[in-house]
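Below is one structure; the comments refer to it alone.
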Amino acid sequence: MTRLRSLALVAGLLYLVTHVTSVGAAIVYRLGTEGGDVGLVQLGVALEVALALACVGNGVVLLTVLRPYGPAGAAAFAGLRGLEAAIIGAGTLPMIALIQLQTGAIPASTDPALEPALSWLHEASFLVGQGLVIAVNTLVIAFMLWRSRLVFPGIPILGAVGGTLVLLSDLGQLFGVVEQSGDLAMILAVPIFGFELWFAGYMLFVGFRQDSPERMVETARDTAIAR
Numbered sequence: 005m006t007r008l009r010s011l012a013l014v015a016g017l018l019y020l021v022t023h024v025t026s027v028g029a030a031i032v033y034r035l036g037t038e039g040g041d042v043g044l045v046q047l048g049v050a051l052e053v054a055l056a057l058a059c060v061g062n063g064v065v066l067l068t069v070l071r072p073y074g075p076a077g078a079a080a081f082a083g084l085r086g087l088e089a090a091i092i093g094a095g096t097l098p099m100i101a102l103i104q105l106q107t108g109a110i111p112a113s114t115d116p117a118l119e120p121a122l123s124w125l126h127e128a129s130f131l132v133g134q135g136l137v138i139a140v141n142t143l144v145i146a147f148m149l150w151r152s153r154l155v156f157p158g159i160p161i162l163g164a165v166g167g168t169l170v171l172l173s174d175l176g177q178l179f180g181v182v183e184q185s186g187d188l189a190m191i192l193a194v195p196i197f198g199f200e201l202w203f204a205g206y207m208l209f210v211g212f213r214q215d216s217p218e219r220m221v222e223t224a225r226d227t228a229i230a231r
């Protein structure tokens with residue numbers, strides 16, 4: 005197995021981990037907060053920590069792959085992945101505080117608005133981290149994939165469409181034009197989910213294209229240097 009194939013497998017696996025943990029955390033958080041189940045909220049926190057770590061790992065691996073095709077673009081993607089992970093990590097803090105309130109680890113508040121406020125803080129972090137930031141980094145990775153020709157051309161096209169729609173959707177949610185986590189927001193997020201699954205599956209089962217023009221030039225250069 006070549007180094008490029010190994011990197012594709014790792015990147016694809018990490019993309020799937022980010023997808024599964026993101027969706028899983030959203031589901032268990034909703035069930036936990038609506039049903040008052042502390043265990044589900046704790047599971048949501050654990051899933052988001054795993055999500056943040058997978059984001060960082062994914063950024064590092066793809067930085068290695070994409071750097072020959074554009075160091076600035078590759079670094080921008082990795083940096084945005086790190087920013088996304090940081091915001092996701094920050095978003096777990098109000099949920100941890102909510103857990104401590106519900107379990108009595110800290111004194112209960114007499115203000116009935118405190119628990120809903122903590123949940124809304126988490127929603128705000130989701131809007132920024134897994135909304136605005138992920139939309140921009142999807143546009144960056146779509147551009148880099150199109151430029152490098154490392155994958156089937158339809159993948160970066162879908163990524164560009166999905167990133168644009170999510171960016172517009174989240175800006176609409178930020179300014180109150182689109183209902184946060186409403187039906188329209190969910191519909192507009194479908195293409196970016198499709199991109200992530202397609203890209204992850206392609207890396208896992210096909211791998212990066214060895215016949216990409218830039219890859220062939222890089223290989224020829226490395227061979228010449230070795231001689």
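If you want this note's numbering, it's the 1-based position in the sequence shown plus 4.
For glycine and all other residues, C-beta sits at the position ideal for the given N, C-alpha and C.
Local Cβ density within 10 Å of residue i, reported as buried at 16 or more and exposed below that
i      : result
Ile159 : buried
Val27  : exposed
Val221 : The predicted model places Val221 with a pLDDT of 47, which falls under 50 and marks its position as unreliable; any figure quoted below should be read in that light. Flag for Val221 reads exposed.
Ile110 : exposed
Ala121 : exposed
Phe235 : The shown model of the chain, from 5 to 231, leaves out residue 235, and the question about it has no answer.
Val181 : exposed
Ile92  : buried
Length of the line joining the Cα atoms of residue i and residue j
i      : j      : result
Val137 : Gln177 : 14 Å
Gly86  : Pro98  : 20 Å
Gly167 : Ala189 : 13 Å
Leu51  : Leu67  : 24 Å
Thr96  : Val32  : 13 Å
Pro75  : Ser152 : 12 Å
Phe199 : Pro157 : 12 Å
Ala90  : Met5   : 33 Å
Ile161 : Gln46  : 37 Å
Gln214 : Leu201 : 21 Å
Whether residue i touches residue j by CB criterion (8 Å)
i      : j      : result
Ala29  : Leu55  : yes
Ala15  : Met148 : no
Val42  : Thr107 : yes
Leu143 : Ala117 : no
Leu102 : Glu119 : yes
Contacts around residue i, its chain only, beta-carbon distance under 6 Å, and the 5 residues preceding and following it disregarded
i      : result
Phe58  : With the sequence shown as reference, residue 58 is identified as Ala, and Phe is not the correct amino acid for it. Closer than 6 Å at the Cβ level, and outside the excluded window around Ala58, lie Leu18, Val21 and Thr22.
Gly135 : Asp174
Ala224 : Bear in mind that a pLDDT of 42 at Ala224, under 50, signals an unreliable position, so the number given afterwards is only what the model happens to contain. Around Ala224: no qualifying Cβ.
Ala78  : Leu67, Leu70 and Arg71
Ala12  : Met207, Gly211 and Phe212
Contact set for residue i: own chain, Cβ-Cβ below 8 Å, skip 5 residues either direction
i      : result
Leu131 : Asp174, Gln177, Leu178 and Gln184
Phe81  : Gly63, Leu66, Leu67, Leu70, Asn141, Val144, Ile145 and Met148
Close-in-space but distant-in-sequence residues of the same chain around residue i (CB under 7 Å, 5 per side omitted)
i      : result
Arg231 : Unreliable placement is indicated for Arg231, whose pLDDT of 48 sits below 50; no coordinate value is reported for it.
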